[in-house]
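Worksheet: the structure to be examined is printed underneath.
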Amino acid sequence: MTTTLAFILFAAIYLLLMWKAGKTYPILYLFLFTYFLQYIFSTQLIYDEYQQLSRQMPIPDERYFDYVNMAMLFLFAGIFTFNRDIDVRSLLNKIDPKAAAGLGWLLLFVSYFFAALQMIGIPGVGSVISFTQYLIYPAAFCFLLSTHPFKYLLVVLIFVQLLFTGLQGGMFLNLFVWSTYLFFFVTHSFRLSFFVRAAIFLLGIPVLIVVQSVKDEYRKATWVNRREAGIGLFADIASSQNEKTKNVPFIESPGVVKTVGRLTQGWHLGLTLRRVPSKVPLSNGEEMVSDITSSILPRIVVSDKKIVGSQDKFEKYTGHRLWNTTSMTIGVIGDFYINFGKWGSFAGLFIFGAFISLGLYFFMKRFVIPDPINIVWVPFIFSYLIRANNDFYMVFNSLIKGLIIFLVVNYIRKKWWSPKPVSSLQR
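Have a look at this one:
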């Protein structure tokens, strides 16, 4: 594949995403968009255009694309063979605004309740907090869909908190992910036209480039030099970086180069393809069975239950040593490869894609169509799906835990929080 062809396909996928955003909640199309961006488009740019980055790639481009093109094809063939789009715009019109606000307050309560338990040192809530901390964002979506007099203020406050959390830690991925999910709800709430939503989404590109150009120096200033984190420091570093590079062509600027280098998953997958099975044998499904059992069963049953973010799998199957504080994965595509080999992984990815598609359709039919406010749970349950840097265990574990949290919260809402009918469909 040439860079030109990769760009044409990327533009086509982007336009498809924007088109589908007009009627559906396009989580599956966003999945396709991010995976193509990170596994193919950015990697193609590295091999063909950015020699300073291509030297870091562990295998030749022919070998890399020979595998990843087919892997992506089978993954998304499984998804779109079984995908059935549901008109979300018509469902949103049936939401009871009071029920939306009520669910929003409940989600805020649950999120901050578990945060408080952790603060006072209650044991055993750490694994729950890793999921419940994100409930404030579906709460923001609920307020947006309600008629609460301060709904926009509540949404802004929640996302300002997210911004400052990113600035404090120097970690901005959650800001981009949840802002993207919010954008698609805004699209429906304000009935944004195709051209408007396409133009707004493109504004994320310069923001992403600025963040990538500043991020390393910002982290050094806050982590090492102990400077006070915040927008002021970030703006100062961004201004300084801009002064240094104002005469450099845009596509050769450090921000663009860093962005392309950060986006690609080619390095991780390339290391895996180089090492397996020549130096490390295929796991023949053992790793995946362990991923599934660790996601479904509690630690008291699975004594060797896996830890999310562990370095063990990455170092074993790539041969690359990580710093103690660094967390990386071989990705979903790499996971299927180490379990089943080249051709086996193609079949496995097709089945996984079908599972995702059918799972989403089941959730929509079972929970969203009868009670449309449950649409806010889709990005929560499927959140890790669109992060191409996560492996199978992280994705599957988030699906299972997210669904469990939904079922518990939904039961509380129906039983105690909102005893009256919660949907206009039930009237």
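Using our numbering, the first residue of the sequence shown is number 3, and each one after it goes up by one. Glycine residues also receive a C-beta, built at the ideal position from the N, C-alpha and C atoms. The model shown is predicted, which means the values in this text are computed figures rather than measured ones.
Separation of residue j from residue i, as counted between CA atoms
i, j, result
"Gln267", "Met396", "16 Å"
"Leu119", "Ser215", "37 Å"
"Ile377", "Met366", "8 Å"
"Gly172", "Gly206", "18 Å"
"Val258", "Ser44", "11 Å"
"Ser426", "Gly106", "Low confidence applies here, because Ser426 scores a pLDDT of 44, under 50, leaving its location unreliable; read the following figure in that light. Roughly 17 Å separates the two Cα atoms."
"Phe316", "His270", "9 Å"
"Cys144", "Leu360", "25 Å"
"Arg228", "Thr167", "16 Å"
"Ser420", "Asp68", "54 Å"
"Val70", "Gly343", "13 Å"
"Met74", "Asp293", "21 Å"
"Thr182", "Tyr27", "11 Å"
"Val370", "His190", "16 Å"
"Ser56", "Asp373", "50 Å"
"Gln428", "Leu409", "Low local confidence applies: a pLDDT of 44 at Gln428 is under 50, so the model's placement there is unreliable, with the coordinate-based value given in what follows. Taking the straight line joining both Cα atoms gives about 19 Å."
"Val424", "Leu110", "Only weak support is given to the placement of Val424: the predicted model assigns it a pLDDT of 46, under 50, and the value that follows is read from those uncertain coordinates. Answer to the nearest angstrom: the Cα atoms are 18 Å apart."
"Pro256", "Gln46", "18 Å"
"Tyr413", "Gln135", "19 Å"
"Val157", "Phe192", "15 Å"
"Glu260", "Tyr386", "Note that residue 260 is Lys in the sequence shown here, rather than Glu. Approximately 23 Å, taken between the alpha carbons."
"Pro208", "Lys222", "22 Å"
"Leu324", "Thr331", "11 Å"
"Leu19", "Gln40", "16 Å"
"Ile202", "Glu230", "32 Å"
"Phe252", "Ser195", "30 Å"
"Ile124", "Phe115", "12 Å"
"Val226", "Lys217", "13 Å"
"Arg368", "Leu94", "16 Å"
"Asn244", "Thr36", "28 Å"
"Phe398", "Asp89", "26 Å"
"Asp50", "Ile122", "53 Å"
"Gly287", "Ala237", "48 Å"
Residue of the options minimising C-alpha distance to residue i
i, options, result
"Gln54", "Val262, Val250, Ile233", "Val262"
"Phe185", "Met173, Arg199, Leu175, Ser195", "Arg199"
"Leu137", "Ile407, Thr5, Pro62, Val90", "Ile407"
"Val179", "Thr134, Asp89, Ala223, Ala390", "Ala390"
"Phe382", "Arg368, Pro374, Ile371, Ser400", "Ser400"
"Trp345", "Phe76, Lys307, Phe236, Asp373", "Phe76"
"Met151", "Pro99, Val226, Ser195", "One detail in the question is off: residue 151 reads as Pro in this sequence, not Met. Taking only the C-alpha atoms, the option nearest Pro151 is Pro99."
"Tyr52", "Thr5, Leu94, Ser92", "Thr5"
"Leu204", "Met121, Arg193, Val226, Ala13", "Ala13"
"Asn326", "Gln313, Leu94, Ile332", "Gln313"
"Phe364", "Leu194, Leu93, Asn85", "Asn85"
"Cys309", "Asp89, Gly287, Phe394", "Sequence check: residue 309 is Ile here, not Cys. For the residues Asp89, Gly287, Phe394, the minimum Cα distance to Ile309 belongs to Phe394."
"Glu289", "Pro300, Arg264, Gly336", "Gly336"
CB contact flag (residue i, residue j, <9 Å)
i, j, result
"Pro131", "Ala117", "The residue you asked about is not Pro; residue 131 is Ile in the sequence shown. Closer than 9 Å, so yes."
"Val411", "Val112", "yes"
"Ile340", "Tyr319", "yes"
"Val450", "Asn249", "Since the displayed the chain opens at 3 and closes at 429, residue 450 lies outside it and no answer follows."
"Ala8", "Ile29", "no"
"Trp379", "Pro140", "yes"
"Ile15", "Leu34", "yes"
"Phe338", "Ser347", "yes"
"Tyr148", "Ala79", "As written in the sequence, residue 148 is Ser, which differs from the Tyr given in the question. Not closer than 9 Å, so no."
"Phe38", "Leu17", "no"
"Lys22", "Asp63", "no"
"Ile388", "Ile81", "no"
"Ile375", "Ile61", "no"
"Leu284", "Val291", "no"
"His322", "Leu273", "yes"
"Thr247", "Leu235", "no"
"Ile457", "Leu169", "Any question about residue 457 goes unanswered here, given that the chain covers just 3 to 429."
"Leu362", "Phe384", "yes"
"Ile402", "Ile298", "yes"
"Tyr66", "Met59", "yes"
"Leu32", "Arg415", "no"
Supposed close pair residue i, residue j - CB separation, criterion 8 Å
i, j, result
"Leu146", "Leu165", "Contact doesn't hold; Cβ gap of about 17 Å is too wide."
"Ala356", "Thr83", "7 Å"
"Val213", "Phe174", "5 Å"
"Ser296", "Lys281", "Not quite, the Cβ-Cβ distance comes to about 25 Å (not below 8 Å), so this is no contact."
"Glu254", "Ile239", "About 20 Å; that fails the 8 Å criterion."
"Arg91", "Lys153", "In fact, because the Cβ distance is near 19 Å, the residues do not count as touching under 8 Å."
"Arg133", "Gly404", "Per the sequence presented here, residue 133 reads as Phe, with Arg not at that position. Yes, they are in contact, since the Cβ atoms of Phe133 and Gly404 sit about 6 Å apart, within 8 Å."
Beta carbon proximity, residue i to chain B, threshold 9 Å
i, result
"Leu169", "Absent from the structure is chain B; it holds one protein chain and no more."
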